[in-house]
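Under my numbering, the sequence shown has 242 at position 239, and the numbering climbs by one with no breaks. Note that CB positions come from ideal geometry on N, CA and C, so glycine has one too. Below is one structure, written out as structure tokens; the observations come after it.
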Amino acid sequence: MKKLVVANWKMNPVSLDLGRKIFMSIEHRMHLAKNTEAVICPPSLFLPAFSHYSAKVKLGAQNLSWEEQGAFTGEISPLMVKAFKTDYAILGHSERRLFFGETDSMVAFKLYAALKHKLIPIVCLGGEKNAKKDDMKKLVAKQFKAVTRQIEKKDLHRIVFVYEPVWAISTMKNSEPATGEHANELVEYIHELAGVNSHVLYGGTVNKNNVQQFAKYPMIDGALVGAASLDPDNFWQIIKEFERESIHRG
Ligand code: PGA
């Protein structure tokens, strides 16, 4: 199974030109990565422009409606993102939950819709207001059960899960990354919940300086990267580290 490194650009950069430069800078280097796949999730408005260039880099949306079309102001249909060579969609990110009131049941609908439309969902677990470090297993188990309630067991392998504790996201107040050990423990736990062949990443302040701490654990299948993904050199070092580890382990 290839490693997966996902860029979550959030609402950045504001200029399409700059976005294109960052995108191309990664795209150009990806022929060097044999065991690692890169996904860039830009603001949705950039997807049509990037769909012309993406060969080695896959595209992802940062959010999705569970509806296909109709009177849903401000929403983006899975059919629309699919039309622009978009293969992935981040669902249930903690910023969606904290700032936009997304609930487990909304994430469950979105997950069902993503799979129905053959998008690969990247489902974040660990984001909830005031989540306590000591209680992360409980929170992850609760969210896992709630968001996958409409999904058949046989389809769980089609989902990429991310352990992304809200307190580790770089832009959250007083944030600090999880230790590699903690991340690995929770990633292993999600693998147990999701069963064989599951794909589980870690997210939360991953950057070129700390990536080794996470990439060295074979169960951590990659990373979801926010701030560092806007700097192509930083993002490339993260990809390289996962690549190095997976080649090293054969
Ligand atoms: P960060 O963000 O890498 O800036 O902590 C990760 C995310 O929110 O997806």
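Where do the N-terminal and C-terminal ends of the alpha helix (DSSP H) with residue i fall, by residue?
i: Tyr205; result: Not the alpha helix (DSSP H): Tyr205 falls in the beta strand (DSSP E), residues 202-206.
i: Leu233; result: Unbroken run through Leu233: none, as it is neither H nor E.
i: Ile193; result: 183-197
i: Val17; result: First-last for Val17: undefined, no H or E at that position.
i: Val255; result: The displayed coordinates of the chain run from 4 to 253. Any statement about residue 255 would go beyond what the structure contains.
i: Leu218; result: Here residue 218 is Ala; the residue named in the question, Leu, does not match the sequence. Counting along the chain, the alpha helix (DSSP H) containing Ala218 begins and ends at 214-218.
Could you please give the first and the last residue of the uninterrupted beta strand (DSSP E) stretch that includes residue i?
i: Tyr56; result: Neither: Tyr56 is in no beta strand (DSSP E) and is coded neither H nor E.
i: Phe90; result: Checking the displayed sequence, the identity of residue 90 turns out to be Asp instead of Phe. 89-94 is the span of the beta strand (DSSP E), which, as asked, contains Asp90.
i: Ala41; result: 39-44
i: Val9; result: 6-11
Buried or exposed for residue i, please, with buried defined as at least 16 other CB atoms from any protein chain shown within 10 angstroms of its CB.
i: His202; result: buried
i: Gln72; result: exposed
i: Glu2; result: The structure shown does not extend to residue 2, since the chain is modelled only from 4 through 253, so no value can be given for it.
i: Leu48; result: exposed
i: Lys24; result: exposed
Mapping DSSP to helix, strand and coil, what is residue i?
i: Asp224; result: coil
i: Gly63; result: strand
i: Phe164; result: strand
i: Ile29; result: helix
i: Pro81; result: helix
i: Leu128; result: strand
i: Ile250; result: helix
i: Ile242; result: helix
i: Ile123; result: strand
i: Arg152; result: coil
i: Glu98; result: helix
i: Ser47; result: helix
i: Ala74; result: coil
i: Ser108; result: helix
i: Val143; result: helix
i: Lys135; result: coil
i: Ala86; result: coil
i: Ala36; result: coil
i: Lys176; result: coil
Whose C-beta lies closer than 6 Å to the C-beta of residue i among residues of the same chain, with five residues either side of it excluded?
i: Ala230; result: Ser173
i: Asn15; result: Leu233
i: Phe87; result: Leu50, Pro51, Ser54
i: Ala2; result: The structure shown does not extend to residue 2, since the chain is modelled only from 4 through 253, so no value can be given for it.
If I measure Cβ to Cβ from residue i and keep anything under 7 Å in the same chain, skipping five residues before and after, which residues do I get?
i: Arg105; result: Residue identity check: residue 105 is Glu in the sequence provided, not Arg. Gly95, Arg99, listed in sequence order.
i: Phe112; result: Trp69
i: Ser28; result: Pro235
Can you find the residues in the same chain that come closer than 8 Å, C-beta to C-beta, to residue i, ignoring five residues on each side of it along the sequence?
i: Lys219; result: Gly183, Glu248
i: Tyr115; result: Trp69, Gln153, Ile154
i: Ala117; result: Leu67, Pro81, Ala92, Leu94, Ile123, Pro124
**OP:** Could you tell me whether the segment 85-94 touches the segment 46-63, where touching means 3 or more Cβ pairs closer than 8 Å?
**Re:** At 8 Å Cβ cutoff, the stretches touch.
Subject >> Meets three-Cβ-pair contact criterion under 8 Å: the segment 193-208 and the segment 237-245 >> reply: They do not touch, by the three-pair rule.
Original post:
Are the segment 19-38 and the segment 77-87 in contact at 8 Å, needing three or more beta carbon pairs?
Top reply: Counting Cβ pairs under 8 Å, fewer than three are found: no touch.
Subject >> Meets three-Cβ-pair contact criterion under 8 Å: the segment 113-129 and the segment 160-170 >> reply: Yes, since at least three Cβ pairs between the segment 113-129 and the segment 160-170 fall closer than 8 Å, the two stretches touch.
Original post:
Within the chosen definition, does the segment 68-79 reach the segment 150-159 through at least 3 CB pairs nearer than 8 Å?
Top reply: Verdict: no, contact absent.
Subject >> Given 8 Å, three or more beta-carbon pairs between the segment 20-30 and the segment 130-141 >> reply: Touching, no, given that fewer than three Cβ pairs across the two stretches are closer than 8 Å.
Subject >> Three-pair Cβ contact test at 8 Å for the segment 173-185 versus the segment 143-151 >> reply: The segment 173-185 vs the segment 143-151: no contact.
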